[in-house]
Amino acid sequence: MIAALTKKETWVRYFDSLKFALYIMTHPLDGYWDLTHEKRGTYAAANTILILTLAARILKLRYTSFIFMTVYWEELNIFLYLGSVLFPLALWVIGNWALTTLFDGKGKLGQVYIATCYGLAPYPLIQIPLMIFSNFVTVEEGQFYMVLSVISLIYCAIWIVAGMGQIHEFSAGKNLLFTVASLFAMLVMVFILLIFFSMVSQGVYYFISLGREFLFRL
Amino acid sequence: MKKVFKKLFAIVLSSVTVALIPLSAFAGDAAYEETSYTYNLDYWGDVQDSPDFYTVCKVFTSTELGLDVKLKSPEGLFVSGDLLYLCDTGNNRIIEIKRVSSEKLEVQRIIDSFKGADNNTFNQPTDIAISEDGNFFIADKGNARVLKLDKDFNFLLEFVKPVDNTLDPTLVFQPSKLSVDTAERVYCIATGINKGLIKYEPDGTFSGFVGATKVTFDFMDYLWKKFATQVQRAQMESFVPTEYDNLYMDHEGFVYACTGAVTREDLRADKADAVRKINLMGNDIMVRNGEWPIYGDIHMGSGGGYEGPSYFSDVTVFPNDIFVCLDRNRGRCFGYDDQGHMVFAFGGNGNMDGYFRRPVAIEHFDHDLLVLDTLDCAITVFVPTHFGSLVYKAIEEFDQGHYVVSGEAWEEVMKLNGNYDLAYIGIGRSLLRQERYKEALRYFEVKYDDENYSKAYKQYRKEWVEDHIVIIVVVLLALFLVPMAIGKYKSIKHEMEISDIDWEKA
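Just so you know, the sequences run in chain order G and W.
Residue numbers for the first sequence follow my numbering, beginning at 6 and rising by one.
Residue numbers for the second sequence follow my numbering, beginning at 96 and rising by one.
What follows is the structure, encoded as structure tokens:
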């Protein structure tokens with residue numbers, strides 16, 4: 006594994022697959038088809054894009070002008086803040102795969118992950134220049150920031166949906182149906198997780214109180 | 096509204112993720128912190144302790160005033176020149192007090208009757224006002240009239256229940272608070288009349304209601320009403336404006352009217368106002384540019400037996416446009432500037448000096464505040480501390496255009512209280528007026544004042560571009576010329592190579 010890092014081909018393939026994210030940004034349907042069917046995407050590139058997205062989110066907190074974003078640092082937990090991206094992402098990938106695999110979806114779990122991460126590419130590419138730009142504008146010119154910021158999110162959302170359609174080989178209608186279904190699956194999973202955690206915490210608390218009672222009687 | 100969104104953006108993002116850890120329910124209770132007597136709200140709405148803005152100079156009870164008959168549930172205060180009028184409602188009399196200094200009040204006259212009318216005594220007088228001509232206007236609540244007396248207490252006129260078809264004929268007219276403008280028009284608040292301020296012309300005729308409060312109206316409630324039966328509808332709350340509790344006419348003739356009959360939900364949803372500034376047309380012209388709305392305490396949790404929003408029972412306005420609202424619920428005074436920023440908040444419920452049991456009226460002499468407590472039957476005189484005087488100085492100097500002096504005063508304020516947002520913004524505004532934009536930017540950024548920041552930044556950016564225009568032009572030219580030059584060089588080189596080959600072939 007590590008030995009592969011010394012080989013030149015590994016790096017060439019990595020940068021090629023990373024550059025392919027740019028191709029997807031301009032050619033979503035064609036690009037996503039090739040991503041899995043021509044094996045143009047790699048996990049390494051997908052992870053890189055995800056890390057860049059997370060980095061953009063954290064950088065934004067500190068370096069966006071206070072005109073657009075004020076951060077209450079006392080209450081901010083950076084891990085929970087990252088979780089606000091990673092947790093929905095994990096739910097989406099698992100939920101989407103779990104559903105589509107039952108209904109003729111051709112994509113594998115890893116492919117769903119790679120395609121979703123490639124779909125996130127516009128976020129750092131738009132948000133980081135926007136973050137720098139925000140420091141040179143006034144409130145009146147702030148609409149540019151707002152509009153571009155929203156565009157970057159819509160861009161990502163449309164690309165992820167388009168990507169799912171290509172890797173599962175779904176028609177447009179079926180793809181939209183399964184997008185909605187995946188969102189619903191995410192809700193169901195959140196519900197189950199909530200129940201699970203509250204049950205576990207109650208279970209743990211039962212033993213804690215048992216221990217306390219025991220200590221009182223000693 | 097945009098600001099609220101911006102804040103929500105940051106807060107929601109972090110709180111959404113909090114749902115991920117149900118186990119956090121085991122975390123201990125938030126540490127209980129005692130706050131100081133005076134406080135203020137910062138950008139985030141956190142309560143920031145503050146040095147005292149006002150301090151008690153003296154508390155005047157019946158004994159200090161030297162009254163033989165003790166005060167009994169007094170309700171009204173009015174200041175005219177150096178005279179203070181106190182409505183001793185329970186004893187049916189009005190007391191004229193001369194202010195010698197902040198700590199010395201002397202009773203001059205006790206008025207319990209007047210001349211020139213059949214019923215020449217008062218019955219529960221609740222408020223008094225004096226016009227510029229020196230005529231007295233007294234809300235004689237128990238006698239259902241507003242009296243107009245001349246300066247020697249001779250009867251001139253009486254204002255009675257308005258003749259209006261929309262008023263319930265069985266309603267007993269109970270004028271409780273009033274105010275008079277320069278033309279001797281009377282603005283009056285009466286118990287049970289919620290259509291706004293009752294306005295009388297100088298000749299005593301009723302000329303209409305002005306400035307009714309916003310009617311709050313919930314669409315779901317409206318739908319329910321559509322389907323409800325007659326009986327059910329009668330039991331439901333009706334959509335009516337709320338009554339005002341008190342009013343004050345400022346030096347410009349605008350009426351500040353406050354009300355305590357507001358719910359937490361309506362205040363938070365911006366459906367109700369605790370205090371309004373009403374112009375002659377009856378419209379609210381209050382400027383609300385503060386980070387937080389003007390309704391006193393924004394944290395309304397129950398504590399010490401008190402809950403719900405602040406109940407504004409009276410308001411007074413300084414000549415520098417700072418107005419002070421009196422909260423009957425928690426016994427506090429809230430000062431706001433002309434832009435709606437909170438200047439100070441202090442007070443509390445209790446029996447100590449500077450604390451109240453049921454404060455009902457507030458007035459001012461110069462910068463001194465006088466608060467009347469109807470249960471304690473006492474007038475508390477507050478004088479500004481060094482800190483308070485500095486803030487007033489800074490604000491007044493700025494209004495007069497002395498920006499440098501104002502900036503220096505704000506610097507002093509900041510030294511005394513580093514958590515005072517207005518000081519930072521004040522220094523910034525002073526620097527902005529002095530065209531020291533870069534320094535101003537720093538102060539505005541620290542306290543998240545985006546409007547002023549943008550003003551300063553626009554000028555700063557303009558100056559920067561003007562100063563660096565040569566460099567900018569050079570860089571822009573270079574951006575065009577360098578790639579062109581490289582292209583040219585390459586093509587010449589290419590042609591030379593080709594011609595070399597041709598030459599060799601030849």
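The beta-carbon is built from N, C-alpha and C at its ideal position, and this holds for glycine as well.
Source: prediction; values computed, not measured.
8 Å Cβ cutoff, residue i in contact with chain G
| i | result |
| --- | --- |
| Asp545 (chain W) | yes |
| Tyr532 (chain W) | no |
| Trp139 (chain W) | yes |
| Ser175 (chain W) | no |
| Ser549 (chain W) | yes |
| Glu558 (chain W) | no |
| Glu540 (chain W) | yes |
Between the CA atoms of residue j and residue i - distance to the nearest angstrom
| i | j | result |
| --- | --- | --- |
| Thr337 (chain W) | Ala369 (chain W) | 10 Å |
| Ser89 (chain G) | Leu199 (chain G) | 16 Å |
| Leu262 (chain W) | Thr475 (chain W) | 39 Å |
| Lys320 (chain W) | Pro264 (chain W) | 27 Å |
| Gln116 (chain G) | Met381 (chain W) | 59 Å |
| Gly502 (chain W) | Arg280 (chain W) | 41 Å |
| Asp316 (chain W) | Ala489 (chain W) | 48 Å |
| Gly112 (chain G) | Asp39 (chain G) | 13 Å |
| Leu104 (chain G) | Tyr118 (chain G) | 14 Å |
| Val17 (chain G) | Tyr48 (chain G) | 14 Å |
| Ala162 (chain G) | Pro414 (chain W) | 56 Å |
| Gly582 (chain W) | Leu57 (chain G) | 35 Å |
| Gln207 (chain G) | Leu215 (chain G) | 12 Å |
| Gly185 (chain W) | Asp235 (chain W) | 12 Å |
| Ser119 (chain W) | Tyr211 (chain G) | The pLDDT assigned to Ser119 (chain W) is 39, lower than 50, so where the model puts this residue is not dependable; a value taken from the coordinates is nonetheless given after this. Spanning the two alpha carbons is a distance of roughly 16 Å. |
| Tyr128 (chain G) | Leu94 (chain G) | 14 Å |
| Tyr37 (chain G) | Pro578 (chain W) | 35 Å |
| Asn82 (chain G) | Gly391 (chain W) | 31 Å |
| Ala186 (chain G) | Asp361 (chain W) | 39 Å |
Residue-level contact to chain W via CB, residue i, 8 Å cutoff
| i | result |
| --- | --- |
| Glu174 (chain G) | no |
| Ile72 (chain G) | yes |
| Tyr77 (chain G) | yes |
Interface residues of chain C facing residue i [CB-CB closer than 8 Å]
| i | result |
| --- | --- |
| Lys553 (chain W) | You won't find chain C in this structure, because its protein chains are G and W. |
Per DSSP, the bridge partner or partners of residue i
| i | result |
| --- | --- |
| His459 (chain W) | W:Leu464 |
| Arg427 (chain W) | W:Asp422, W:Gly442 |
| Arg383 (chain W) | Looking at the DSSP assignment, Arg383 (chain W) forms no beta bridge with any residue, so it has no partner. |
| Glu191 (chain W) | W:Tyr180, W:Arg204 |
| Asp263 (chain W) | Paired residues: none, contrary to the question. |
| Cys283 (chain W) | W:Leu273, W:Ile293 |
| Gly299 (chain W) | Looking at the DSSP assignment, Gly299 (chain W) forms no beta bridge with any residue, so it has no partner. |
| Ile233 (chain W) | W:Ile223, W:Leu242 |
| Phe250 (chain W) | W:Leu244 |
| Tyr149 (chain W) | W:Pro479 |
| Val412 (chain W) | W:Phe418 |
Discussion item. Ignoring anything shorter than 4 residues, give me the alpha helix (DSSP H) runs that lie fully in the segment 463 to 505 of chain W, in order along the chain.
Written reply: 481 to 494
Discussion item. Under 8 Å, with one C-beta from each stretch per pair, do the segment 14 to 31 of chain G and the segment 90 to 104 of chain G reach the 3-pair mark?
Written reply: no
Discussion item. Taking 8 Å as the cut-off, does the segment 344 to 357 of chain W touch the segment 400 to 409 of chain W (at least 3 CB pairs, one atom from each stretch)?
Written reply: yes
Worksheet item: Okay, do the segment 64 to 78 of chain G and the segment 45 to 53 of chain G touch, 3+ Cβ pairs below 8 Å being the bar?
Response: no
Discussion item. Between the segment 195 to 215 of chain W and the segment 166 to 176 of chain W, can you find at least three pairs of beta-carbon atoms closer than 8 Å?
Written reply: no
Discussion item. Is it the case that the segment 148 to 159 of chain G contacts the segment 563 to 573 of chain W, given that we only count it when at least three CB pairs across the two stretches are under 8 Å?
Written reply: no
Worksheet item: Counting pairs of beta carbons, one from the segment 162 to 170 of chain W and one from the segment 478 to 495 of chain W, are three or more of them closer than 8 Å?
Response: no
Worksheet item: Which whole runs of the alpha helix (DSSP H) in the segment 20 to 45 of chain G are 4 residues long or more, in chain order?
Response: 33 to 42
Item to complete: Determine contact between the segment 266 to 276 of chain W and the segment 238 to 248 of chain W, defined as no fewer than three beta-carbon pairs at a distance below 8 Å.
Response: yes
Worksheet entry | Segment contact, 8 Å Cβ cut-off, at least three pairs: the segment 186 to 206 of chain W with the segment 496 to 510 of chain W | no
Worksheet item: Hey, is the segment 428 to 448 of chain W in contact with the segment 132 to 139 of chain W, meaning 3+ C-beta pairs nearer than 8 Å?
Response: yes
Discussion item. Please give me, in chain order, every unbroken run of the alpha helix (DSSP H) with length at least 4 that falls completely inside the segment 337 to 386 of chain W.
Written reply: 359 to 363
Worksheet item: Three or more beta-carbon pairs under 8 Å between the segment 540 to 552 of chain W and the segment 134 to 147 of chain G, yes or no?
Response: yes
Worksheet item: Taking one C-beta from the segment 58 to 70 of chain G and one from the segment 117 to 134 of chain G each time, how about it: are there three or more such pairs within less than 8 Å?
Response: yes
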